[in-house]
Amino acid sequence: MIKTRIAPSPTGNLHIGTTRTALFNYLYAKNQQGKFVIRIEDTDIARSTKESEQDIIEGLEWLGLIPDEGVSLRGELGDLGPYRQSQRADTYRPYLEQLLATGDAYWCNLTDSELEELKTKAEQEQRQFVLRSPYREQKQEPTPQSVIRFKVPDTKVIFEDKIKGKIEFDTSLLGDFVIAKNLDYPLYNFVVVVDDELMEITHIIRGDDHIANTPKQILINKALGFKNKQFAHLPLILAPDKSKMSKRFGATSIKEYREQGYLPEAMINFLALLGWNEGNDREYYTLGEIIAKFSLKRVQKSGAIFNIQKLDSINSHYIKQLSQEKQLEFGREYLVKNGFDINQWTANQLNQIIKLEIQRIKKFSDIGRELDFLWQQPEYNPEILAYKAMNNPQIIASLEWSQKLLYNIKDNDLENIEQLIKTAIQEDSQQMGEILWPLRVALSGKEKSPSPFEIIAILGKDESIRRLQSAISLISLDK
RNA sequence: GGCCUCGUCGUCUAGUCCGGUCUAGGACGCCAGGUUUUCAUCCUGGUAACACGGGUUCGAAUCCCGUCGAGGCUACCA
């Protein structure tokens, strides 16, 4: 049974990079009919917070990345827990003692200044500094300052990365590293190995930035007599300047994207295609479809720049795919978030407004941005009322024509307003542009706006006529 | 500095393993045109890349060597 895991440390909101790693772990596990585990790596008590943990699991589940085991919104799942490292302190100690007993690890009493001395000496002798502590061969009583170091053997660590291929390290370049501050305070590289074994993780899929940790973990894993693990290192997601994604880039947390009205299906689709593809030109996939097609062999080796325009494009695609009920639900939610008082509109008007916006927004937080004219009588330069070379008398005639037409329609004709107006234009041998442009501008006060039909349907007959009247007065004054 | 990884349009990528079908394909962006009263949507077209230098070969984006470039790691963080 294949088992993968995502092991975030709760020191901030769910990051886009962590999310992508989680996604690929999830995809691989599900594709292989295996299990996906969420483990919280909160050994660094000073920096870990409960809020971050909550944000991380909420974000992951929002995207549909629901764990088979580990920390979830419904509590802990699975019987190999606890799945928070802070609650596993007792678990690690025996393994630490084991390594101490076999001599694969040792208490090191080197002080900071002694360590510095060794480094300086190496520098003076112009050789690469690799720590081989003088305490590595002695068994001794720990002092309060001593730490537990791993005794790195002289060997070559070779592993077959499922994405990058064969990777080789010479451990003579690797210093004896600290695996625990003391028996009760083990550190990352050590706890990861123990947890992965105990939780029966078979495949470790993580970011590129962990490649350098891999030989350390393989060494510990071997010293402990654990089963071999498979590794796969994902390329990093980069900011537009090819650096690591940071706050400088803009939104790096999933929460921010969620709040801006990006859809989970769009995020999943986008993130999956950032570094993976099926081998053809297909662009749109549901989570289930990606699972079915996923393979680590088709994961890219090089880093990918996070391109927000592509995300926007995918998101607008999914917004249009949404059921009408969902569109209305999100539309209402975000209109309120954007500060609009939606109670001033009837349900029907609201639906019209949202329908109108669905075609133009990239994300729901864009909704209503250009719709200020619906809420108030627009102020505008009357010159823009002219379609092409129309003069003022022509404009007034056009507006009056429209006004007269509106007077004569019934309220329940509003739904067919486009048809009604277009037919009237034809029957009366009017020009489309000469009627529609002034009409639209009179209603919206803008050179660019939705169609007059849509605006009339929202504003209603009376308000539309009123705005036409005010446009006529404006032109008359203009003379 | 050392170690590791990577290098196809501006960006995400197909093609690289098994050299010819690649005058390098798709998508996003951008530009132009069409539909439309305008904007948006939609449709059509265009723009633009094999990092560089050697070698192997009849033939190289694809194989080999080197150079250059980019990123990661180099903690008693994870």
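Quick note on my numbering: the first sequence kicks off at 526 and runs consecutively. By construction, the Cβ of each residue, glycine as well, lies at the ideal position given by its N, Cα and C atoms. These numbers were taken from a predicted model, which means no experiment stands behind them.
Asked                                                                                                                             : Found
Those residues which DSSP pairs with residue 609 across a bridge                                                                  : 565
Collapsed DSSP secondary structure at residue 718 in the structure displayed                                                      : helix
With 16 other Cβ atoms within 10 Å as the buried cut-off, status of residue 843                                                   : buried
Closest residue to residue 833 among 872, 822, 777, 846 (Cα-Cα distance)                                                          : 777
For residue 876, the first and last residue of its enclosing alpha helix (DSSP H)                                                 : 872-883
Buried or exposed (CB count within 10 angstroms, at least 16 for buried), residue 654                                             : exposed
Cβ-Cβ separation, residue 959 to residue 923 (assumed contact under 8 Å), whole Å                                                 : 6 Å
Inter-residue Cα distance where the pair is residue 607 and residue 562                                                           : 12 Å
Rounded separation between residue 592 and residue 598 - CA only                                                                  : 10 Å
Candidates 687, 982, 836, of which the one nearest residue 876 by Cα                                                              : 982
Beta-carbon proximity check, residue 629 vs residue 675, cutoff 8 Å                                                               : yes
Cβ neighbour criterion (16 or more within 10 Å) applied to residue 824                                                            : buried
Minimum length 4: unbroken alpha helix (DSSP H) runs contained in the stretch 928-969                                             : 942-952, 957-969
Straight-line gap, residue 574 to residue 536 (C-alpha atoms, nearest Å)                                                          : 6 Å
The stretch 632-645 / the stretch 609-624 touching (three or more Cβ pairs under 8 Å)                                             : no
Chain-order list of residues whose beta-carbon lies under 6 Å from that of residue 787 (same chain, five-residue window excluded) : 840, 888
Residue 826 beta carbon less than 8 Å from that of residue 688                                                                    : yes
Burial state of residue 705, where buried means 16 or more other Cβ atoms lie within 10 Å                                         : buried
Contact set for residue 620: own chain, Cβ-Cβ below 7 Å, skip 5 residues either direction                                         : 719, 749
For residue 992, three-class secondary structure by DSSP                                                                          : helix
Beta-carbon proximity of residue 969 to residue 907, cut-off 8 Å                                                                  : no
Cβ-Cβ separation, residue 714 to residue 738 (assumed contact under 8 Å), whole Å                                                 : 6 Å
Where residue 668 sits in the DSSP three-state scheme                                                                             : coil
Contact between the stretch 860-872 and the stretch 913-927 (3+ Cβ pairs under 8 Å)                                               : no
Helix, strand or coil at residue 594 [DSSP, three-state]                                                                          : strand
From 811, 957, 530, 975, residue whose alpha carbon lies closest to that of residue 588                                           : 811
Paired residues, beta bridge with residue 632 - DSSP                                                                              : 673
Local conformation of residue 529 per DSSP, three classes                                                                         : strand
Whole-angstrom distance between residue 779 and residue 666, CA atom to CA atom                                                   : 48 Å
Given residue 783 as reference, the closest of 650, 583, 847 once Cα atoms are compared                                           : 583
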